[in-house]
């Protein structure tokens, strides 16, 4: 019985065991691999709000590229807020409610930052930023301060939404043409709101934070981010901003009160917005439009205000030249002006402007290095000259207010408008109105006189002076008047710096040859750098003096230049030396006259002479239409006459060392100026407008050259007066002999000796014919060497 | 004002306990009580076992069981006196694995029982050891045992011979939660000494940077009165006797849950560690359950169901915690039974509504997976076989086999087998086996932590 039961029991147990434990191995083995087991006791923690931090930098970057949506800004704001909440929620320093900077650094580095780590130095900079935003100590952050940072983020976010889509403008990254005036006005208004709100919400005002701190911050940020093109784009501006800050606000701004802080910040914001306005509204603007000029006037007004109200100017009364130099260096480093002119040249030149023009120090012993600052006095002078220019420009703008760009205004209408113009109203608007009103009155009358001159300067629509008689039209272009106004101001500045005399009025000062030579010496470096002066030419100051004295409409050949003579010379230079010359250069290239070589001195193309000569004749009617009589004569030239005319022209215009078969820019420019001078003489002295000068007409011209010719006449000639009087009883004194020499030169085309004069006296007694333009050019070629002495 | 909230209330409870429980126990008549001494060896047999360095543990057990305990007809009158079922085990190798299971300890006087007493309030709860009504002794959480609720019991039924129905009432001012495996915490880290203690995560890896920190746990010492002194009421109406025709019982309870609520808080510290504070607390729940079964001859079938509605635990707002949603369960069964044999197949489906995680860092703690689950599993099949064969009065074999398997494939499977050879009136040999497989990838899987704890137990007992 027992054994039966035992068998049954054993059977049952065996069966059950087989069933139950048949899959023992599957049960006994772990379903986890070793690595899974290793990780089993490790949980992954993703604190809420931190994941979004990965995306935040991309969105922030796209925001500053004006590509982020409003929703994305909300997203980042919420992310930052939530991250801070998470941070506060999950971390705890040794003190319950306070983190030390090192604890914060530990938390950031260990739990938030994967690739970039915050260095102790960067942490110090971050804590400084923290004090700017919420105040408090630099070494600790309380939980309450973290809460305030969250509030600040909300305000910042609201303002970022307001300014969404405008940051390319703020960061100077928008293409110029894409920002119109309305857009800019909105951007600036919102920008002001941004600064007002964000600064209001922060503790910046009254903090000890300085630009040097910001610089350190960016430097450390750069170390933190590594190679970041976006940051490099920002950091490259730092030295310039710093130099401007030091220049206008001082190295360490001693700002004691919150009011002073806010004033300084307000000033910085105004300056910044002016820079933006310049970038989008003034820079590369088309100034053939009247509104552009109105905008420019308004802009310059405000710029001068900003400079005058700069904290440093308010405090010290001057801007230090050493700091201006530093700012210029930074501008050049960034290549903002795209110029080959060296900064040293600019530094020397602006110092000379201060020294000569603004301080009116004529001493040749006074040198640029002596200038230590641009002070209130200097700025007042600039303001006065600017206001004189502005008053006239306002009048010009009014004349073209209703017209189109290409529509000139009748000259008679202009004269009438000048009389009617309420210039007193403009004077009252000026800051110096009370003290300087008489000065502005006189300046306005000077302008009126300039307009009334006979002959008056007539600028064509093509930015060239019309020279000849009769004038084709009785109209003046907007661009021409702008040139005149600008050159009038330049004339005033030169007169102010280098003119002599007792007159209170700058325009009436006398600019002697030595004055113009000094001017040329002072600004030679700049003139050569901008290609205005050719370093190969001798005594350009003296030569210009003579040209202004002899070949301007109102040149009189005396020992000084009046304001009018210099003004006319400058106008001729712009018309011929700039506009006409550039056209001919372009034509030369168009007609494939260029050799492919670039003139190393002026960096301009060099042409094959024959090609250029042919092109000049072909283009004569088109390019020289502002000198219609000359153009007509050239058209009628036979080939031989043209060859001779051109040859004589090149004798005058050619460089000292000419290369055969080649004509250079400097020669073309001089040739154009010679053509203009010839036409000026013809306009003034060809009284019967037959295109030739008779003896009587030349006699009228002779006094203008008398002083020059007398300088050339040798003692032998002076002694020959009795002999000459035998042939020409009318020669009573030395002046008469000089005039006779002049006439001889004009007719004979060479410098005369005593025998030549006697022979010529015989011819003169028998009767002389007329001379034409070719003869005039020939005379100039004869006098060329003497002109440069 | 509730008694538990007053000092007077506490004093009253202590007075009642000392008067009704402790005092009688000292002077109780212990005639017929059996003492038990055992030697047992537990061996963890999985080749992948790595919870502790030692694979085999020896235990010395001692316990006592009074004769009045055991399966009884609910309508029988019980002799007055002290009843107890207590078993303690001691591990000389690893004291942390030692435990004391006071399964029952009560004083019976007529219809009144006072103390810790086991009742089968819900057969579903008892079969699957869910711990809804009865606290669980979870020294081994894979095979827990029920313990009795502690309080005052009133059993009422008509004093007639063929009485079919009865009413059982329970009230208590004391709640003793589940008894888990022992653990030791040193310097904020759980020391891995007890393979049956499921350690919370020891390290945390931050997704943001990959930084890996040590968790430093700090268990807040709860106020004793908040954990222990909680009112509880259970009422049960029953009809018939289990295994004898038609049987029905239905219970309702409002009491503190046997499972403690765990609230957490934590901060990242400055020394590459995350300090986690654990705050145990109590939550109340309302329970309703019904069991219905019918037996005829060897066949038995029926089913049970329950509904639970937990209340939100009461913690300060800084704590992060889980608020369990209402849940319900249904469990049909069928059984074949003879005098020596019982085979039962049973299934359980629990429908648990979404739990609510609350607190300032709730989401993160939830991701970390440290909130305890309400139920050890959601659904399972259970197959149990009990068989005994005695060829002498005191010599025979008792075998038990149980399979608990998830209704979802591969979630978990627990196989337990026990074999006891009763040699004579006093000596017996016993062997048990536990085989377990669980997929740790499934979060609702409570058994995953013990997957490698497959074990064999062999022991000898002496009853005196």
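Chains as they are written, first to last, in this note's numbering: chain X, 1407 to 2195; chain E, 24 to 487.
Glycine included, C-beta positions come from ideal geometry on N, C-alpha and C.
These figures come from a predicted structure and were not determined experimentally.
Enumerate in chain order the residues of its own chain whose CB-to-CB distance from residue 138 of chain E is below 7 Å, with the five nearest sequence positions on each side excluded.
Stepping through the second chain from its first residue, residue 138 of chain E is reached at position 115. Within the same chain, residue 138 of chain E has close Cβ partners 44, 128, 129, 130 and 173.
Do the stretch 1954 to 1972 of chain X and the stretch 1985 to 1992 of chain X touch if we need at least three Cβ pairs shorter than 8 Å?
As far as the Cβ criterion goes, the stretch 1954 to 1972 of chain X does not touch the stretch 1985 to 1992 of chain X, which means the pair count is below three.
Assign residue 1690 of chain X to one of two classes, buried (16 or more other C-beta atoms within 10 Å of its C-beta) or exposed (fewer than that).
Residue 1690 of chain X sits at position 284 when you count from the first residue of the first chain. With fewer than 16 Cβ atoms within 10 Å of its Cβ, residue 1690 of chain X is classed as exposed.
Could you list which residues in chain E have their beta carbon closer than 8 Å to that of residue 1528 of chain X, in chain order?
Residue numbering aside, residue 1528 of chain X sits at position 122 when the first chain is read from its first letter. Simply none; closest approach about 17 Å.
Within 10 angstroms of its Cβ, does residue 2161 of chain X collect 16 or more other Cβ (buried), or is it exposed?
Against the first chain, residue 2161 of chain X aligns to sequence position 755. Exposed is the call here.
Take every Cβ of the stretch 342 to 358 of chain E, pair it with every Cβ of the stretch 312 to 324 of chain E, and state whether three or more of those distances are shorter than 8 Å.
In short, these stretches touch, since the Cβ pair count reaches three.
Which of helix, strand or coil does DSSP assign to residue 1803 of chain X?
Counting from 1 along the first chain, the entry for residue 1803 of chain X is found at position 397. Reduced to three states, the DSSP call for residue 1803 of chain X is helix.
Considering only C-alpha positions, which residue in the set E:299, E:167 and E:263 is nearest to residue 184 of chain E?
As a position in the second chain, residue 184 of chain E is number 161, starting the count at 1. Considering only alpha carbons, the answer is E:263.
Looking at C-alpha atoms only, which residue of X:1499, X:1947 and X:1671 is the closest neighbour of residue 1655 of chain X?
Taking the first chain and counting its residues from 1, the one referred to as residue 1655 of chain X is at position 249. Ranking X:1499, X:1947 and X:1671 by Cα distance to residue 1655 of chain X puts X:1671 first.
Touch check for the stretch 1932 to 1942 of chain X and the stretch 2000 to 2008 of chain X: three-plus C-beta pairs under 8 Å?
Judged by Cβ distances under 8 Å, the stretch 1932 to 1942 of chain X makes contact with the stretch 2000 to 2008 of chain X, as three or more pairs qualify.
Residues in its own chain within less than 8 Å of residue 488 of chain E by CB, not counting five upstream and five downstream?
Missing from the structure shown is residue 488 of chain E; chain E here goes from 24 to 487 and no further.
Chain E beta carbons: is any one of them nearer than 8 Å to that of residue 1719 of chain X?
Indexing the first chain from 1 puts residue 1719 of chain X at position 313. So no, residue 1719 of chain X is outside the interface.
DSSP three-state call for residue 415 of chain E: helix, strand or coil?
Along the second chain, one-based indexing puts residue 415 of chain E at 392. Three-state result, residue 415 of chain E: strand.
Against chain E, which members of the stretch 1542 to 1565 of chain X pass a CB distance test of less than 7 Å?
Residues: none.
One question on the structure: do residue 160 of chain E and residue 144 of chain E come within less than 8 Å of each other, judged by their Cβ atoms?
Mapped onto the second chain, residue 160 of chain E falls at position 137. Mapped onto the second chain, residue 144 of chain E falls at position 121. Against a cut-off of 8 Å, the Cβ pair of residue 144 of chain E and residue 160 of chain E comes out as no contact.
Which residues in the same chain as residue 1615 of chain X place their Cβ atom closer than 6 Å to its Cβ, once the five residues preceding and following it in sequence are excluded?
On the first chain, residue 1615 of chain X is found 209 positions in, with the first residue counted as 1. Answer for residue 1615 of chain X: 1538, listed in chain order.
For residue 199 of chain E, tell me which candidate among E:112, E:227 and E:140 has the shortest Cα-Cα distance.
What you label residue 199 of chain E is simply residue 176 of the second chain in a count that begins at 1. Residue 199 of chain E has its Cα closest to that of E:140, out of E:112, E:227 and E:140.
Give, in chain order, every residue of the stretch 217 to 243 of chain E whose Cβ lies closer than 9 Å to some Cβ of chain A.
In the displayed structure, chain A is absent; the protein chains listed are X and E.
Just the C-alpha distance for residue 1599 of chain X and residue 1606 of chain X, rounded to the nearest angstrom, thanks.
Taking the first chain and counting its residues from 1, the one referred to as residue 1599 of chain X is at position 193. Taking the first chain and counting its residues from 1, the one referred to as residue 1606 of chain X is at position 200. Straight-line Cα distance between these residues: approximately 10 Å.
At which residues does the alpha helix (DSSP H) containing residue 2174 of chain X begin and terminate?
If you number the first chain from 1, residue 2174 of chain X lands on position 768. It is not in any alpha helix (DSSP H) - residue 2174 of chain X carries neither H nor E in the DSSP assignment.
Can you tell me which of X:1524, X:1499, X:1924 and X:2077 puts its alpha carbon nearest to the alpha carbon of residue 1762 of chain X?
By 1-based counting over the first chain, the position of residue 1762 of chain X is 356. Per the Cα distances, X:1924.
Applying the criterion that 16 or more other CB atoms from any shown protein chain within 10 Å of the CB defines a buried residue, is residue 1748 of chain X buried or exposed?
For the purposes of this step, residue 1748 of chain X is taken as the residue at position 342 of the first chain. By the 10 Å Cβ count, residue 1748 of chain X comes out exposed.
Have a look at E:135, E:387 and E:352 and flag the residue whose alpha-carbon is nearest the alpha-carbon of residue 375 of chain E.
Here residue 375 of chain E refers to the residue found at position 352 when the second chain is read from its first residue. It is E:352 whose Cα lies nearest to the Cα of residue 375 of chain E.
Between residue 435 of chain E and the rest of its own chain, which residues show a CB-CB distance below 6 Å, the 5 nearest in sequence each way excluded?
The residue you call residue 435 of chain E lines up with position 412 of the second chain. The residues are 429, 461, 468 and 470.
In the DSSP assignment, what residue or residues form a beta bridge with residue 64 of chain E?
Looking up residue 64 of chain E in the second chain gives position 41. Residue 64 of chain E is bridged to E:81 and E:481.
For residue 218 of chain E, I'd like the list of residues in its chain whose CB is within less than 6 Å of its CB, leaving aside the five on either flank, ordered along the chain.
Here residue 218 of chain E corresponds to residue number 195 of the second chain, with the count starting at 1. Counting only Cβ-Cβ distances below 6 Å, and skipping sequence neighbours, we find 74, 75 and 476.
If you compare alpha carbons, which of X:1855, X:1787, X:1890 and X:1523 is closest to residue 1842 of chain X?
In the first chain, the residue the question calls residue 1842 of chain X occupies position 436. Residue X:1787 is the option with its Cα nearest to residue 1842 of chain X.
For the alpha helix (DSSP H) containing residue 1606 of chain X, list its first residue and its last residue.
Taking the first residue of the first chain as 1, we reach residue 1606 of chain X at position 200. Residue 1606 of chain X -> alpha helix (DSSP H) spans 1587 to 1607.
Can you pull the chain X residues whose beta carbon is under 9 Å from the beta carbon of residue 214 of chain E, in chain order?
For the purposes of this step, residue 214 of chain E is identified with residue 191 of the second chain, where counting begins at 1. Ordered by position in chain X, no residue passes the 9 Å Cβ test against residue 214 of chain E, which lies about 13 Å from the chain.
DSSP three-state call for residue 319 of chain E: helix, strand or coil?
Position 296 of the second chain, counted from the first residue, corresponds to residue 319 of chain E. Strand.
What are the start and end residues of each continuous beta strand (DSSP E) run of 3 or more residues lying completely inside the stretch 271 to 354 of chain E, in chain order?
If we require 3 residues or more, the beta strand (DSSP E) runs fully inside the stretch 271 to 354 of chain E come out as 284 to 291, 296 to 304, 307 to 319, 322 to 333 and 344 to 346.
Measure the C-alpha to C-alpha separation of residue 2186 of chain X and residue 2004 of chain X and round it to an integer number of angstroms.
Counting from 1 along the first chain, the entry for residue 2186 of chain X is found at position 780. Counting from 1 along the first chain, the entry for residue 2004 of chain X is found at position 598. One C-alpha to the other measures close to 29 Å.
Considering residue 2089 of chain X, what are the terminal residues of the beta strand (DSSP E) in which it resides?
Counting from one through the first chain, the residue named residue 2089 of chain X turns up at place 683. Per DSSP, residue 2089 of chain X belongs to no beta strand (DSSP E); it is in the alpha helix (DSSP H), 2071 to 2091.
Residues in the stretch 385 to 416 of chain E with C-beta within 8 Å of chain X's C-beta atoms, listed in sequence order?
Result list: 386, 387, 390, 391, 392, 393, 408, 410, 412 and 414.
Starting from residue 1614 of chain X and walking both ways along the beta strand (DSSP E), at which residues does that stretch end?
Against the first chain, residue 1614 of chain X aligns to sequence position 208. Where residue 1614 of chain X is concerned, there is no enclosing beta strand (DSSP E), given that its DSSP letter is neither H nor E.
Does the count of Cβ pairs from the stretch 417 to 427 of chain E and the stretch 380 to 391 of chain E closer than 8 Å reach three?
These segments do not touch.
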